[in-house]
Structure formats: C-alpha cells, structure tokens
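Numbering (the numbering used here), first residue to last: 102 to 492.
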C-alpha cells in the first residue's frame, strides 16, 4: 500500500478538524448541550420575544381608527391642515389613501424599518370641502363657538384631519411625515397634537375604558353594540357619505391644581361617578345607566344636579350617543384632546350647550382648539379614499 493511501492529506485533515470544531461549537450553543455552570444542569430555555400588536386593516366598509381596534391604541397624533385654494381634493385624498395602505402594510420605506404593528390612519375633511360637494351634506356645517373658549383663528376649523394612532409612539411622526410628504405643498399644516391614553379599566364584559388626566374613567357611555353604532355613529346616507361619520375635536386645558385640591368626594360630585370604579353615584356597576332621579332620604339627588354625567347624558339631553376616543395631553399644557364620533353634529352641539349652562366639570377647562370633520367612508382597491364624495 502506498503511503498516500495510508495517511490523510494535510487538506483532508484540516477539513475534518474544522468540521469537528464547528460541530462542537454548534453543540455548545444548542439547548441540549448548553450549560449554565459546571454542575451539569441545563441552562433555562430562551424566552421568545413577545408578539407585536395585531395589524388593523386600513380598507373596508369603514375607516380604521374609529371602532377598530376595539380598544384604542395608547398613542395618538392628530394633525389638522388646510388645502390650497386651487387644490382638487379628490386626487389628493386618493394618494393619501394609497400611502395609508403602504404604511399599514409596512411597505413604505419612510417607516425606516419599524414594523407597522397596529398603526391606523383616519382621514376626514372639513366643512369647507364638504360644501364644495354639496351644501346640504352631513359635515357641511361649521362647529359654532361656545363659552370657556380661548381659540386662536389658526386653531379653529380646518380642511383636513389626519388622525394617526399606534401602540408604538415612534410610528406617529414617521407616518405623519410620509403623508405630508405625499401631499407636498398642496396642504399647509395648522396644528398638531400628540396624546396618550391612560391605563385601561374593565367596565363591562369584553370592554374597557381608559383613565383620564383627572383620574376618572373616560368614555364609558357610548354606542358600543353594532345596532347602537348603526343608529348613532355611522352615516347611512346620502350615498356620497354612507359609511362615514362626523368627528369633533376639542383641545382643552385643565386646571389640574385646582381639581386636585378638592377632596375625593368633591371630585366625584363633579363627575357623578366613583373615581376608583367609575360606578355612578346612584349605584350599580360602571356600565349602569346613572339613576338621575334617585334621591337620598332627605331629598337630595344622588347624582348632583351639576354633575358631568347628568348634564352630558344622552337621555337628559335628548340626543343620540357619541363615541368618545379622547386622549390626555401634557403639551402645550396639561389637558385633554376630546374626540367624539357621531352621525349627527347636533349630538355634540346640543350636549355642549346643555353643559355650558351648568356643568361642574367645565369650570376646570378652557378650550384652545376646536374643529369638526366628515370622516370619509371606507375605501379599497376599487374605491379610492374620498372618491364617493369628490369623484
């Protein structure tokens, strides 16, 4: 036998040795062979990273960001802008809808590699634009002024609302920059507001509501079932707006120091609810309708006559329910970005007019921005955003 047949070549030796070393390294990294110490005990298993929030479809019968997701995301950016006088809203809105779909799908490079998660973008148009499509259409009326307002002209009204919500606050300015970049010089920004929701508190089976900056649970009453939303939330007609809704935005400063100076009982009298649980002062559960006629043995109303829950309750006002998805803010000063959705603007205006007369909560607030918008119907590949209204 030749020597070459008996002994491996230097190249073969290195190949086998390298493979053996690599196998040992791989084994040393595996769960079966890894050791946390020299005792022979296996290392604890690696915990997988938690799954991100479920994505929310941008297209469909309704726009996302109103009833979907069921529990509103903790972070919001509301952006109000105007369109140039000669800008046709139809093509602009269609382009914005395309950008929204790219953002929510994670295919827009302007997200800079961040996963889109549960980001939603909701687009609305102001009364001036609605009137160009039809002076009698829902959404064509401006929101009137009310008491306790200190609103600069630039922060009243507007042509365009872009509401961006997400679990990851980093997505908000990126999505806004992408949408404004697509719009270019066709829009001029008026104001923007970041907000966040407090901890969610269960208020009924399968439903929760957040605490606001004053420590109370916010948004308990509203159209929550499908039947209630068909009745009070979504526009059924005319066909140009069917599947849309009307939004009201009100940015309010809150006198936190003065409210915090009240006793808990006094704070609860302002709201008409228990601070810790949200239960009406008349009793029951957080989801119970307040007993507005219930009295103490000496004849006093359990829910005070100027309590917020009494002054603003739909049955007392005589209007439908509004869906509130408000956010607490801390800039420019602490307060609340009140957001309500309803299919009749009178639901809001009649409620606030009644509150203006005597609502204990309003004495702690000053409104600094105010606007209303028609939230456009849902859209999809064959029906661009805004096409039912503007063609």
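Ideal Cβ placement from N, Cα and C applies to all residues, glycine included.
Nonlocal neighbours in the same chain, by C-beta distance under 7 Å from residue i, ignoring five residues either side
i, result
"residue 175", "268, 297, 298"
"residue 244", "349, 471, 472, 473"
"residue 165", "157, 158, 159, 221, 223"
"residue 475", "225, 226, 231, 239, 240, 342, 345, 347"
"residue 248", "457"
"residue 449", "349, 423, 441, 443"
"residue 308", "325"
"residue 170", "157, 219"
"residue 229", "260"
C-beta atoms of residue i and residue j nearer than 7 Å
i, j, result
"residue 409", "residue 460", "yes"
"residue 259", "residue 232", "no"
"residue 295", "residue 213", "no"
"residue 493", "residue 336", "Only positions 102 to 492 of the chain appear in the structure, and residue 493 is not among them; the question remains open."
"residue 273", "residue 352", "no"
"residue 446", "residue 253", "no"
"residue 486", "residue 279", "no"
"residue 94", "residue 360", "Given that the chain is displayed from residue 102 to residue 492, the structure contains no residue 94 and the question cannot be resolved."
"residue 429", "residue 313", "yes"
"residue 289", "residue 183", "yes"
"residue 153", "residue 216", "yes"
"residue 469", "residue 251", "yes"
"residue 435", "residue 355", "yes"
"residue 362", "residue 163", "no"
Chain-order list of residues whose beta-carbon lies under 6 Å from that of residue i (same chain, five-residue window excluded)
i, result
"residue 490", "234, 341"
"residue 180", "263, 277, 293"
"residue 324", "330, 333, 334, 422, 424"
"residue 84", "Residue 84 is absent from the structure shown; the chain starts at 102 and stops at 492."
"residue 305", "388"
"residue 481", "160"
Beta-carbon contacts of residue i that lie in its chain and below 8 Å, excluding the five residues immediately before and after
i, result
"residue 451", "418, 419, 420"
"residue 275", "211, 212, 213, 215"
DSSP-derived helix/strand/coil call for residue i
i, result
"residue 409", "helix"
"residue 192", "helix"
"residue 423", "coil"
"residue 499", "The shown model of the chain, from 102 to 492, leaves out residue 499, and the question about it has no answer."
"residue 415", "helix"
"residue 362", "coil"
"residue 447", "helix"
"residue 338", "coil"
"residue 429", "strand"
"residue 370", "helix"
"residue 385", "coil"
"residue 182", "strand"
"residue 276", "helix"
"residue 497", "With the chain represented from 102 up to 492, any question about residue 497 goes unanswered, as that position is not in the structure."
"residue 217", "coil"
"residue 210", "helix"
"residue 473", "strand"
"residue 79", "Residue coverage of the chain in this structure runs from 102 to 492, which leaves residue 79 outside it and unanswerable."
"residue 250", "strand"
"residue 400", "coil"
"residue 442", "strand"
"residue 158", "coil"
"residue 452", "helix"
"residue 376", "coil"
"residue 289", "strand"
"residue 231", "helix"
"residue 328", "helix"
"residue 437", "strand"
"residue 483", "coil"
Supposed close pair residue i, residue j - CB separation, criterion 8 Å
i, j, result
"residue 287", "residue 185", "6 Å"
"residue 391", "residue 404", "5 Å"
"residue 282", "residue 427", "Contact doesn't hold; Cβ gap of about 29 Å is too wide."
"residue 284", "residue 193", "6 Å"
"residue 168", "residue 301", "With 8 Å as the limit, residue 168 and residue 301 do not qualify as a contact, their Cβ atoms being about 16 Å apart."
"residue 369", "residue 382", "6 Å"
Check whether the stretch 189-204 touches the stretch 215-228, taking contact to mean three or more Cβ pairs, one atom from each stretch, closer than 8 Å.
yes
The stretch 375-392 in contact with the stretch 449-468 per 3-pair CB rule at 8 Å:
no
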